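What follows is a single structure, written as structure tokens, with notes after it.
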Amino acid sequence: KLVACPEGSQPSLLLLSMTAWPALFLFAFCLPENTCNNKRLDLVFIIDSSRSVRPYDFEKVKEFILTILQFLDISPDATRVGLIQYGSTVKHEFSLKTFRRKQDIERAVKRMMHLATGTMTGLAIQYAVNIAFSESEGARPLKQNVPRIIMIVTDGRPQDPVTEIATKARNSGILIFAIGVGRVDMNTLKSIGSEPHEEHVFLVANFSQIETLTSAFQTKLCLLHCLLGTTNTVEHGCDHFCINTPGSYVCRCKQGYILNADQKTCSTQDLCAVEKHACEQICVNTPGSYVCQCYEGYELDANGKNCVVVDYCALDNQGCQHECVNTEDSYYCRCHPGFILNPDKRTYLKTCTRVDYCALSDHGCEHLCVNGDRSYTCQCFEGYRLRNDGKTCKRKSLFIFCNCIPNNTHGSHQHLLLKNIYRKKKLRSYRYYHDK
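In terms of the UniProt record's numbering, the sequence shown has 143 at position 143, counting the first letter as 1, and numbering is strictly consecutive.
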């Protein structure tokens, strides 16, 4: 829809969200032509120049940069611009101090050649932090409160770590706008761009659509009420995020927090009360989020929400020699039948020793007491047998048949049968038995 603007101003668009592309949320307003006049910025473009970016698409990126330059007030005292392109390596096309005039920057952008190599995004951001935004390369000292801004354009997944490097860049005070083209992973873009992501992370279908972001960036770069270092900025006082709006700003809170009545400060939201947290047992609020916990004797499952009984014995059987037995809040060692736990402090009731049942009580065995797996038995010395009571012993009787004595009586013979009773292996007595 066309917008009719008064003399001295031009129509522009404010982009509210493009992180859920292809749904675009825009509204139009009139922007004064001199909005960016005297705007003090240190702006560094970081351009993906990998093999996946075709030559035609690379030209589209150059056109996008040239369009952004049109509304910036380029001078040593206002906006300074640097440019880095990257593939497998980083090429610093020009620094923040290289050019003092806009037309010189435009000529340098037009002469820029496509690298057509890999996608080392993390390396490029690290270079910007360490080199491009150094005072020796033209960045103004931090004490001057000149906003430091990175505008990065990429179409692929980084081939190096990027999350930690981008976090360090943002923590150093650099505002990062991340522009993804095509099938870029949104999570990767969010790990690069500043928060809130809907204000600093953008996704377009192809390089031909990148020019649709021009008006949005004119608004964001020229109406930076949330950034210090310009003559028309204010101390916003936002606790978490400051969001630029046409002619003003609003405060917003991080996820898990709510904006207080003063519209500036934030308080922790009771997520355990307002959300379906799905914690099986206990929900505990944390700053901006929550965690699940379990009752004593339980531990969290792999999903971080459900609870399972703690298996204390799972860790190498807790060193128990025989068996480990779980309890509600701990464990204990148990021995196989016929064994007892050693009470010594060195093994702390973990090792086992065979039970000496014969020593534990008055076993009552007349001769010998022999330990078994679960109890004991009585045995007798040689030459004795165990009585029915299982404890006392009785002498054994031994029958010995001697050689036959020939006898003519009735044509038969006589046997001498000795019944011998031994005591200490000596023959004590004998008897004669006659057998036909």
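From the three backbone atoms N, C-alpha and C, an ideal C-beta is built for every residue, glycine too.
This structure is a prediction, so every number in the text was calculated from the model and none was measured.
query                                                                                                                      : result
Separation of V308 from C324, as counted between CA atoms                                                                  : 18 Å
Cβ shell of L368 (< 6 Å), same chain only, five flanking positions each side left out                                      : Q379
Member of K190, I340, G297 and R51 whose CA lies at the smallest distance from the CA of E164                              : K190
D104 versus L115: straight-line alpha-carbon distance, rounded                                                             : 22 Å
Option in C222, M112, E137 and K396 with minimal Cα separation from T98                                                    : E137
Rounded straight-line distance, which links the Cα of K394 to that of H363                                                 : 18 Å
Member of Q70, R183, G87 and T89 whose CA lies at the smallest distance from the CA of D81                                 : Contrary to the premise, residue 81 reads as Val rather than Asp in this sequence. Nearest C-alpha to V81: Q70.
Where P147 falls, given that 16 or more other Cβ within 10 Å makes a residue buried                                        : buried
Test item: CB-CB of C279 and K264 under 8 Å                                                                                : no
Spatial distance of V291 from K102 (CA atoms)                                                                              : 52 Å
Exposure label - M112; buried when at least 16 CB within 10 Å                                                              : buried
Cβ-Cβ separation, L41 to I149 (assumed contact under 8 Å), whole Å                                                         : 6 Å
Candidates Q159, L360, N388 and R385: closest to S375 by CA position                                                       : L360
Cβ-Cβ distance between H257 and G288 below 8 Å                                                                             : Note that residue 257 is Tyr in the sequence shown here, rather than His. Contact: yes.
Which of helix, strand or coil DSSP assigns to L271                                                                        : helix
8 Å Cβ cutoff met for Q281 and Y295                                                                                        : yes
CB contact flag (Y298, Y312, <8 Å)                                                                                         : no
For T79 and T231, the rounded distance between their alpha carbons                                                         : Note that T231 scores 35 on pLDDT, short of 50, meaning its location in the model is unreliable; the coordinates nonetheless yield the value given after this. If I take the Cα positions, the gap works out to 13 Å.
Nearest-angstrom Cα separation, counted from V310 out to E211                                                              : 58 Å
Complete beta strand (DSSP E) runs within the stretch 55-106 (minimum length 3 residues, chain order)                      : 79-86 and 90-94
Chain-order list of residues whose beta-carbon lies under 6 Å from that of N342 (same chain, five-residue window excluded) : T351 and T353
Counted within 10 angstroms of its Cβ, other Cβ atoms place E135 as buried (16 or more) or exposed                         : exposed
Residue environment, H200, which counts as buried when at least 16 other CB atoms sit within 10 Å                          : buried
Distance CB(M120)-CB(D185) smaller than 8 Å                                                                                : no
Sub-8 Å separation of T188 and R157 beta-carbons                                                                           : yes
Proximity winner among R100, Q144, E366 and Q85, relative to A132 (alpha-carbon distances)                                 : Q85
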